[in-house]
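K.L.:
Per this note's numbering, the sequence shown starts with residue 1445, numbered consecutively.
Once you've had a glance at the structure underneath, I'll fire off some questions.
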Amino acid sequence: MLTVNAYAAPSATEPLVKTTIERRDLGPNDVLIEIAYSGICHSDIHTVRGDWGPQQYPLTVGHEIVGTVTEVGSDVTLHQVGDRVGVGCMVNSCRECENCLAGQQQYCLKGNTGTYASVDRDGTITQGGYSTHVVVVEDFVLRVPESIPFEKAAPLLCAGITTYSPLSHWNAGPGKRVAVVGLGGLGHMAVKIAHAMGAEVTVLSQTLSKKDDGLKLGADHYYATKDEATFRDLKNSFDLIINTVSAVIDLDAYLSLLALDGTMVNVGAPGQALPLHVFTLFGNRRSFAGSGIGSIGETQEMLDFCAEHGIAPETELISADYINEAYERVLNSDVRYRFVIDASTFA
Ligand SMILES: [Zn+2]
Ligand SMILES: [Zn+2]
């Protein structure tokens, strides 16, 4: 066992504190990563606070991890000591089910092993990236291209892939009209990626307060959803809508913005059921879909795509002692657009 410095939540209601956690001894297929940067995802906050179900504490979260390989197991072939690597939302899957065999580990029928708060193969609870080191099986470790600034790369491992996957699957590209609902951590990545794919990008945000940012990030158009004229003017006008908002929205109103054969994909995860009139789907043969992170292969494809197109998240670098304050700011949507923790400050 390797004892490493980390930040952990002692309970659902207490602030995160500095502590140590154990990492398993390196197995033949494992790599040891010295973490350089760790992103703060809204899911981290939901999880530590028990919003998505009870947890075992103390709990270390974090699933946007980049770092350097410092040791490899005897059978490792995919990575070498010194490599720049990343770890996202999952660290293993069953490898046998229909979906795993199809290379879609995120949809493992037995449930993928989450990077934190998940039961690992050895029965322990996985602990995430708010720490100095992590041990991960080699084929769930991604290569981070040199041209992506390391201090900005971490959010690609969740926010990046969560938006890249549906944009890629539903063929965002030249001639496609893509709307992004919400300009937060996920939304700002969706705008950058959809723009780089060549799509015509529209941001639908509650107000116009981030309009200048949105246009700079690559949006062609920007509308306020608080303005009723928006839903009238944009009726039947999008091929794809990526909804990054986790709150309950008027689904029928948004679906009515889809053109013939258009699809609205939810990547935001509201806690309540969303009401929907099926008649809204009949018009224009519309689809309503969901999408969860992305496969390991697709995550590597996304990282290479971002390197090729010079895309990196907009980030605010913080030290570990600022995590609790950062959480409050995330909850108040007061971050442009992702916090990244300097992992040297976990020590
Ligand atoms: Zn996340
Ligand atoms: Zn599986």
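We put the CB at the ideal spot given by N, CA and C, even for glycine.
(1) Using the C-alpha atoms, what's the distance from residue 1453 back to residue 1699?
(2) Which stretch, first to last residue, makes up the beta strand (DSSP E) that contains residue 1781?
(3) Please tell me whether, using a cut-off of 7 angstroms, the distance from the CB of residue 1553 to the nearest non-hydrogen atom of ligand 2 is below it.
(4) Can you look up residue 1474 in the DSSP assignment and give me helix, strand or coil?
(5) Determine which residues share a DSSP beta bridge with residue 1667 and list them.
(6) Can you find the residues in the same chain that come closer than 6 angstroms, C-beta to C-beta, to residue 1499, ignoring five residues on each side of it along the sequence?
(7) Does DSSP put residue 1701 in a helix, a strand or coil?
(8) According to the neighbour-count rule (16 or more other Cβ atoms, all chains shown, within 10 Å of its Cβ), is residue 1455 buried or exposed?
(9) Just to check my reading of the structure: residue 1682 and residue 1638 have Cβ atoms closer than 8 angstroms, yes? What is that Cβ distance to the nearest angstrom?
(10) Leaving aside the five residues before and after residue 1658 along the sequence, list all residues of the same chain whose C-beta is less than 6 angstroms from its C-beta, in chain order.
(11) What residue range does the alpha helix (DSSP H) around residue 1657 cover?
(12) Where do the ends of the beta strand (DSSP E) carrying residue 1446 lie?
(13) What runs of the alpha helix (DSSP H), each 4 residues or longer, lie entirely inside the region 1467-1533?
(14) Please look up how many angstroms separate the CB atoms of residue 1787 and residue 1482, rounded, as I've assumed it's under 8 angstroms.
(15) For residue 1786, write down the residues that DSSP places opposite it in a beta bridge.
(16) Would you please state the rounded distance, in angstroms, between the beta carbons of residue 1485 and residue 1603? I believe it to be under 8 angstroms.
(17) Is residue 1543 near ligand 2, with its Cβ less than 7 angstroms from a heavy atom?
(18) Under the rule that 16 or more other beta-carbon atoms within 10 Å means buried, what is residue 1691, buried or exposed?
(19) Between residue 1719 and residue 1695, is the Cβ-Cβ spacing less than 8 angstroms?
(20) Could you pull out every residue in the same chain whose Cβ sits closer than 6 angstroms to the Cβ of residue 1712, ignoring the five residues on either side in sequence?
(21) Can you name the residues that DSSP bridges to residue 1686?
(22) Candidates 1641, 1491, 1539: which alpha carbon is nearest residue 1753's?
(23) Do you know offhand how far residue 1513's Cα is from residue 1503's?
P.N.:
So, from the listed chains and residues:
(1) Residue 1699 and residue 1453: Cα-Cα distance of roughly 39 angstroms.
(2) For residue 1781, no beta strand (DSSP E) run applies, since DSSP gives it neither H nor E.
(3) Answer for residue 1553: yes, Cβ within range of ligand 2.
(4) If DSSP states are grouped into helix, strand and coil, residue 1474 belongs with the strands.
(5) In the DSSP output, where bridge partners are listed per residue, residue 1667 has 1648.
(6) Its chain contains 1561 as the residues whose beta carbon lies nearer than 6 angstroms to that of residue 1499, once the 5 sequence neighbours on both sides are disregarded; these appear in chain order.
(7) Residue 1701: coil per DSSP, three-state reduction.
(8) A residue is called buried once 16 or more other Cβ atoms fall within 10 Å of its Cβ, and residue 1455, having fewer, is exposed.
(9) In fact, because the Cβ distance is near 11 angstroms, the residues do not count as touching under 8 angstroms.
(10) Taking C-beta separations shorter than 6 angstroms and ignoring five residues to either side along the sequence, the partners of residue 1658 in its chain run 1627, 1647, 1666, following chain order.
(11) Looking at the DSSP string, the run of the alpha helix (DSSP H) that includes residue 1657 is 1655-1661.
(12) For residue 1446, the enclosing beta strand (DSSP E) covers residues 1446-1452.
(13) Taken in chain order, the complete alpha helix (DSSP H) segments of 4 residues or longer contained in the region 1467-1533 are 1486-1492.
(14) Contact check for residue 1787 and residue 1482: beta-carbon distance about 6 angstroms, within the 8 angstroms limit, so the pair qualifies.
(15) Looking at the DSSP output, residue 1786 shares a beta bridge with 1481.
(16) 7 angstroms between Cβ atoms; contact.
(17) Checking every heavy atom of ligand 2 against the Cβ of residue 1543, one is found closer than 7 angstroms.
(18) Exposed: under 16 other Cβ atoms inside 10 Å.
(19) Closer than 8 angstroms, so yes.
(20) Answer for residue 1712: 1687, 1688, 1689, 1690, listed in chain order.
(21) Note: residue 1686 sits in a beta bridge opposite 1624, 1709.
(22) Cα-wise, what sits closest to residue 1753 is 1641.
(23) So the two alpha carbons sit approximately 24 angstroms from each other.
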